[in-house]
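When you read off a place in the sequence shown, starting at 1, and then add 7, the result is the number in this note's numbering.
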Amino acid sequence: MEDYKDKYMSNVHQAQYRTASESVDPSSMSSLISTSSQESLPPPRSPRSPKSPKSPRSPKGGQQGKQNGSGGSGQRSPLKNQKYSHGSKDGHPKKGGCGGKGTWGGLLDMENGWAEDPNDPNYISDKDDVESINRRRSEFEKFKKKATVIVEEYFANDDVMSTAHELGELGVPGYHFYFVKKLVSIAMDRRDKEKEMAAILLSSLYGDIIDPQQVYKGYQKLVESTDDLTVDIPSAVDVLALFIARAVVDDILPPSFLTKTMAYLSKDSKGVDVIRRAEKCYLSAPLHAETIERCWGGSKNKTVEDLKFKINDLLTEYAVSGDVKEASRSIKDLNVPHFHHEIVKRAAIMAMEKRQAESLLLDLLKTCADEGLINSSQMTKGFDRIIDSVDDLSLDIPNAKALLQLLISKAASEGWLCASSLKSISPQPRKPVVDDDKVKAFKKKAESIVHEYFLSGDISEVSCCLEFENTANLPELNATFVKKLITLAMDRRNREKEMASVLLSSLCFPSDDVAGGFVMLLESAEDTALDIPVIVEDLAMFLARAEVDEVLTPHELEEISSCFPSRDSIGNKVIQMAMSLLKARLSGERILRCWGGGGSSSKNGWTIEDVKDKIGKLLEEFEAGGDAREACRCIKELSMPFFHHEVVKKSLVILMENKDVRFWSLLRRCFDMQLITMSQMAKGFARVAESIDDLALDVPDAKKQFKSCVERAKGEGWLDGSFGVNGLS
8 MEDYKDKYMS
18 NVHQAQYRTA
28 SESVDPSSMS
38 SLISTSSQES
48 LPPPRSPRSP
58 KSPKSPRSPK
68 GGQQGKQNGS
78 GGSGQRSPLK
88 NQKYSHGSKD
98 GHPKKGGCGG
108 KGTWGGLLDM
118 ENGWAEDPND
128 PNYISDKDDV
138 ESINRRRSEF
148 EKFKKKATVI
158 VEEYFANDDV
168 MSTAHELGEL
178 GVPGYHFYFV
188 KKLVSIAMDR
198 RDKEKEMAAI
208 LLSSLYGDII
218 DPQQVYKGYQ
228 KLVESTDDLT
238 VDIPSAVDVL
248 ALFIARAVVD
258 DILPPSFLTK
268 TMAYLSKDSK
278 GVDVIRRAEK
288 CYLSAPLHAE
298 TIERCWGGSK
308 NKTVEDLKFK
318 INDLLTEYAV
328 SGDVKEASRS
338 IKDLNVPHFH
348 HEIVKRAAIM
358 AMEKRQAESL
368 LLDLLKTCAD
378 EGLINSSQMT
388 KGFDRIIDSV
398 DDLSLDIPNA
408 KALLQLLISK
418 AASEGWLCAS
428 SLKSISPQPR
438 KPVVDDDKVK
448 AFKKKAESIV
458 HEYFLSGDIS
468 EVSCCLEFEN
478 TANLPELNAT
488 FVKKLITLAM
498 DRRNREKEMA
508 SVLLSSLCFP
518 SDDVAGGFVM
528 LLESAEDTAL
538 DIPVIVEDLA
548 MFLARAEVDE
558 VLTPHELEEI
568 SSCFPSRDSI
578 GNKVIQMAMS
588 LLKARLSGER
598 ILRCWGGGGS
608 SSKNGWTIED
618 VKDKIGKLLE
628 EFEAGGDARE
638 ACRCIKELSM
648 PFFHHEVVKK
658 SLVILMENKD
668 VRFWSLLRRC
678 FDMQLITMSQ
688 MAKGFARVAE
698 SIDDLALDVP
708 DAKKQFKSCV
718 ERAKGEGWLD
728 GSFGVNGLS
């Protein structure tokens, strides 16, 4: 008590202290002190000041808080340390208690002393960006309202054509992912009829109105929001799993959607349960395709897979018979005018594969166009779809571009196709559509995104950040991100290199954008080599890994190579090394393990022997049961497309040993589904040829049989006409 009567307390404060001491109720003292503080005491120091007793940075803060609390038992008054100078200077804390070196500023400081920090993720450079963001948000809100109306109208009238027209008229394809999400989420809370209608609508709009990437993104958003959906729909996990399985069966979602989406979901998310149920309960069940297609009573409706099979059958029959009237009648009986572009696409591809049937197939398309059976819009869409996939077709049909150009010229000269309305076949040079300032700003954001990813490993967070920073999905910005990601990874450990490759395969960028990123990397390789001496080896491995992960196609690797013709350039050296890595024996497995990871394309670190064993077992099961569909599903689940030549090799060996023609039908099915490419088919035949002498010890006529298989494969279009094997003639 004596401490509070010395020179550190004024007369007023001493009087207040005596009054408080006479009171028995501790609360009266705190009340009096509070009142006194408001009337006569100067403002307290900022609670965030390092010198404040209650500051979390003060070493004595916690102790004093316990001693000075109203319910505590401390002997000393909380006013002990309130010292005031007897001089003429103002005794208030400097800058209101918020100044000084190392302080945090005032608790409510908003403008005074505030400065923009360009490193802040929420930093906005100017007001124009704010207006642009607000405008986009407004557009998105309008689209959300219109999309909800379109979905409700579709469920009311069941008119696919009208719905497609209304959605196309909105003119914002970048927001179609929300339409997918809204359609499915509303259908999940309705009857089986609406669920089936939703599945049919998505299959009908896929690739024509809604871009495949938007469908992919829409289902990702649904999986991410499973926790919210279960609040209103208790069975959301099971229903959404069935929707995803149906989308995979209808070929509007790739099977890799399951593994790639699972990779970035948190373990406690209900989205994980959705993916597991879709994979284990639906897609792994025997005869799952038929079961899933009829899950909501859809046996009376036409699924996309059914239509594709019927279209393929009628075109195959027509190529043999040449009966135009019968083929036209079959097309009419399908009664799917919105899906006629599939007929155009398949007829044109068949004409490119089977040159002897080219004139017949072109006559059919001309007749359909003249009679108005296939309208000009569907005709254009069919050819545009071929143009979009011509690079992939080039893997199986080496001169696909030239053949397609020839078909278009013939059709235009006969007057049933408007060539000027088609997309350009030859790749156009990239046009700069983004100003330098935006690219520079994006580079800074991309660098911070990559650094955070290397720390957290959160792929979904990267995806969300890129969506916000590149709302228009501009190719230039995607390529810039690819360049920044790989550049930063090359200067780090193998862990970050592996993470960069996994992220690249998970983001689902268009392969053209990824190729553009690698071109930019190779163009700046001379400068980068000053900081990273082993840039040739690292970049070559990244290029090879991108092809193994199917992020880049072999054709795109050749196009990248054409940009660096000089043999002395680093770019050319990188590409040559990447190609040599890919040509090596068992290259796929080695490249996947190059940085000590399993890669996004492998399963639980399988070895080559494991894969061979699994291929052998699935072919044994096929030999016992003869279920080609189940065998194809098992081949897909291996997720090792670079090793499909082993399937070809083992199938041919069993075919020659046991004379089981079902294995030929299995290979045909795999090739028609593009599950096994022409290059893998040729590699499989070549591997059989290498071991034909050993095989002849057990099968005396092995060489004769194999020669017959080669000729038959050429006739089927599996092997190029130039394919030959020494020693079999």
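We treat Cβ as the ideally placed atom computed from N, Cα and C, and that holds for glycine.
Check                                                                                                              : Outcome
Three-pair Cβ contact test at 8 Å for the region 182-191 versus the region 288-296                                 : no
Beta-carbon proximity of Met204 to Asp165, cut-off 8 Å                                                             : yes
Whether Glu505 touches Gly633 by CB criterion (8 Å)                                                                : no
Counted within 10 angstroms of its Cβ, other Cβ atoms place Met36 as buried (16 or more) or exposed                : Residue confidence is low: Met36 scores 45 on pLDDT, short of 50, so the model does not pin down where it sits. Its coordinate-derived value is still stated next. Met36 comes out buried.
Alpha carbon of Pro572 to alpha carbon of Asn485, nearest angstrom                                                 : 25 Å
Buried versus exposed call for Phe316 [16 or more other C-beta atoms within 10 Å across all chains shown]          : exposed
For Gln712, the nearest candidate out of Leu674, Val660, Gln687 and Ala689 (CA to CA)                              : Val660
Coil, strand or helix - Ile251 by DSSP                                                                             : helix
Residues that Tyr213 bridges to, as DSSP identifies them                                                           : Ile217
Nearest-angstrom Cβ-Cβ length linking Ile393 and Ala355, presumed shorter than 8 Å                                 : 6 Å
Ranges of the alpha helix (DSSP H) found wholly within the region 142-218, counting only runs of at least 4        : 167-176, 183-195 and 199-212
Local conformation of Gly68 per DSSP, three classes                                                                : Since pLDDT at Gly68 reaches only 44, below the 50 mark, its modelled position is unreliable, and no value is offered.
contact_flag[the region 236-253, the region 475-493] where n(CB pairs < 8 Å) is 3 or more                          : no
Presumed contact (8 Å Cβ cut-off) between Lys621 and His652, rounded CB distance                                   : Incorrect: roughly 15 Å between the Cβ atoms, too far for contact.
Terminal residues of the alpha helix (DSSP H) in which His347 lies                                                 : His347 to Glu360
Cβ shell of Phe461 (< 6 Å), same chain only, five flanking positions each side left out                            : Glu503
Nonlocal neighbours in the same chain, by C-beta distance under 6 Å from Lys87, ignoring five residues either side : Below a pLDDT of 50, predicted positions are generally treated as unreliable, and Lys87, at 44, falls in that range; the measurement from the model is reported next regardless. Hits under 6 Å: none found.
Residues near Arg694 in its chain [Cβ-Cβ closer than 7 Å; skip 5 each side]                                        : His652 and Lys656
Euclidean distance between Cα positions of Thr323 and Gln363                                                       : 13 Å
Proximity of Glu563 and Ser518 at Cβ, strictly below 8 Å                                                           : yes
Contact between the region 542-551 and the region 569-583 (3+ Cβ pairs under 8 Å)                                  : yes
Coarse secondary structure for His295, derived from DSSP in three states                                           : helix
Close beta carbons around Glu118, own chain, < 6 Å, minus the five adjacent residues each side                     : Confidence at Glu118 is low in this model, with a pLDDT of 43, below 50, so its placement is unreliable and no value can be given for it.
Pair within 8 Å by beta-carbon distance, Tyr271 and Ile456                                                         : no
Continuous alpha helix (DSSP H) stretch holding Asn501: start and end                                              : Asn501 to Ser513
Buried/exposed call for Glu483, threshold 16 Cβ in 10 Å                                                            : buried
Touching by the beta-carbon criterion (3+ pairs, under 8 Å), the region 294-303 and the region 337-354             : no
For Leu424 and Ile432, believed in contact at Cβ under 8 Å, the rounded distance                                   : Actually they do not touch by this definition, with Cβ atoms about 14 Å apart.
Which of helix, strand or coil DSSP assigns to Phe516                                                              : coil
Through-space distance from Pro648 to Asp239, alpha-carbon basis                                                   : 41 Å
Straight-line gap, Met680 to Cys716 (C-alpha atoms, nearest Å)                                                     : 20 Å
Per-residue burial, Asp395 [other beta carbons within 10 Å of its own, 16 or more giving buried]                   : exposed
Sub-8 Å separation of Val521 and Val489 beta-carbons                                                               : yes
Environment of Lys728 [buried if 16+ CB atoms lie within 10 Å]                                                     : Lys is not the amino acid found at residue 728; the sequence shown has Gly there. Gly728 comes out exposed.
Given Asp399 as reference, the closest of Leu682, Glu697, Lys153 and Arg142 once Cα atoms are compared             : Leu682
Whole-angstrom distance between Met663 and Phe629, CA atom to CA atom                                              : 16 Å
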